[in-house]
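Heads up: the structure comes next, in structure tokens.
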Amino acid sequence: MSDIYTQRLKRQFKPSHLLGHIILLAVGLVLLYPLIFMIMVAFFNKVEFASTLLDLFPVPKNPTLQNYKSLFVGSNDAKILLYIRNSALRAVYMTFCAIMTSFLAGYVFARLHFKWKEGLFLLLLATQMIPATMAIIPTYLEYARFPFAGGNDIFTGGTGILNTWWVYLIGGPAINIMGTFLVKQSLEKVPVELDEAAKIDGCGTIRLIFQILFPLQLPIMAYIAITTFLTVWNDFLTPYFYTTSDNLQMLTSAITRLSSVSVTVGLVNYPLIITLSLGLTVPALLIFFFLQKYIVQGLANTGIKG
Numbered sequence: 001m002s003d004i005y006t007q008r009l010k011r012q013f014k015p016s017h018l019l020g021h022i023i024l025l026a027v028g029l030v031l032l033y034p035l036i037f038m039i040m041v042a043f044f045n046k047v048e049f050a051s052t053l054l055d056l057f058p059v060p061k062n063p064t065l066q067n068y069k070s071l072f073v074g075s076n077d078a079k080i081l082l083y084i085r086n087s088a089l090r091a092v093y094m095t096f097c098a099i100m101t102s103f104l105a106g107y108v109f110a111r112l113h114f115k116w117k118e119g120l121f122l123l124l125l126a127t128q129m130i131p132a133t134m135a136i137i138p139t140y141l142e143y144a145r146f147p148f149a150g151g152n153d154i155f156t157g158g159t160g161i162l163n164t165w166w167v168y169l170i171g172g173p174a175i176n177i178m179g180t181f182l183v184k185q186s187l188e189k190v191p192v193e194l195d196e197a198a199k200i201d202g203c204g205t206i207r208l209i210f211q212i213l214f215p216l217q218l219p220i221m222a223y224i225a226i227t228t229f230l231t232v233w234n235d236f237l238t239p240y241f242y243t244t245s246d247n248l249q250m251l252t253s254a255i256t257r258l259s260s261v262s263v264t265v266g267l268v269n270y271p272l273i274i275t276l277s278l279g280l281t282v283p284a285l286l287i288f289f290f291l292q293k294y295i296v297q298g299l300a301n302t303g304i305k306g
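Numbering (full-length UniProt numbering), first residue to last: 1 to 306.
Shown next, in the form of structure tokens:
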């Protein structure tokens, strides 16, 4: 029996398979190296980190959990828990808005008939070509001149909604163009006869949208929710340019501000900054690992899977 098993292994073994696994292992190690480096550096204190010539895989002589403790329970160096809470609240709010706007806009372009529909949809897609950095100054002026806010009148005035939560609440929830495109593509595959049958049974438009069509789009909605959450969670530009209050900062911008403050105060606490960056990365990794099947399934439903 053992001889048969050994012979089978010999027949299945190919040097090319072994070489392929070695290459994949090496590539995986290269890709994971920054994460491994961040995990190890998080055990350093700032004095040892500044006085040590780091190895490829740095190991502290006096490991400390203080940086991880600061990440989870806060510290005197920064309002870390406040930054995490701000990032989480904004990401959840923006995700909810993206789901609603994407689905409703996708329904309009997939199901309704009106003049210049195709032209408007192409125009909407064309706005994707505009780099986000080009919108920073117009958006800043829009927020600063927001009527009757921050000491403004209609034409000139104070600070508008800059440096307030309204920047995130009003300025954030725009139409998710990619989400709209995906929902439109997916809804066009659903037979129109389903709508007609529901209306014959007495179903109104609102019930048709949210009780019949929306559940059919759950894989697309899951994809939009995951990608939007990750995008907002990692967003650096919005809190950095439009807010200055420390209480309004997100974790991304807070890391940069913490670096600047550390430079002016004294020895830069790089281990704490890297630990915060690690904390910023972990939710994205967890979401990707546990929900990646929904990303593939959502794209497959639209017919644009690679």
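Glycine is no exception: its CB is placed at the ideal position from the N, C-alpha and C atoms.
These figures come from a predicted structure and were not determined experimentally.
Per the C-alpha coordinates, the member of Pro147, Thr101 and Phe289 positioned closest to Trp166 is Pro147. The DSSP-derived three-state label of Cys97 is helix. Sequence-distant Cβ neighbours of Tyr93 in its own chain, meaning closer than 6 Å and more than five residues away, do not exist here. Along the segment 115-186, the alpha helix (DSSP H) occurs as fully enclosed runs of 4 or more residues at 117-126, 136-144 and 166-169, listed in sequence order. For the 9 Å CB-CB criterion, Phe229 and Phe103 do not form a contact. Relative to the Cα of Val232, the nearest Cα in the group Phe43, Arg90 and Met40 belongs to Arg90. Between Asn163 and Tyr242, the gap from beta carbon to beta carbon is short of 9 Å. If you draw a 10 Å sphere on the C-beta of Ala135, you find fewer than 16 other C-beta atoms in it, and that means exposed. Within the model, the alpha-carbon separation for Phe288 versus Thr227 is close to 9 Å. Separation of Leu187 and Arg111 (C-alpha to C-alpha, rounded to the nearest whole angstrom) is 8 Å.
A Cβ-Cβ distance of about 24 Å is found for the pair Leu124 and Ile206, leaving them out of contact under the 8 Å criterion. By the Cβ criterion, the segment 267-287 is in contact with the segment 29-39, since at least three pairs of Cβ atoms, one from each stretch, lie closer than 8 Å.
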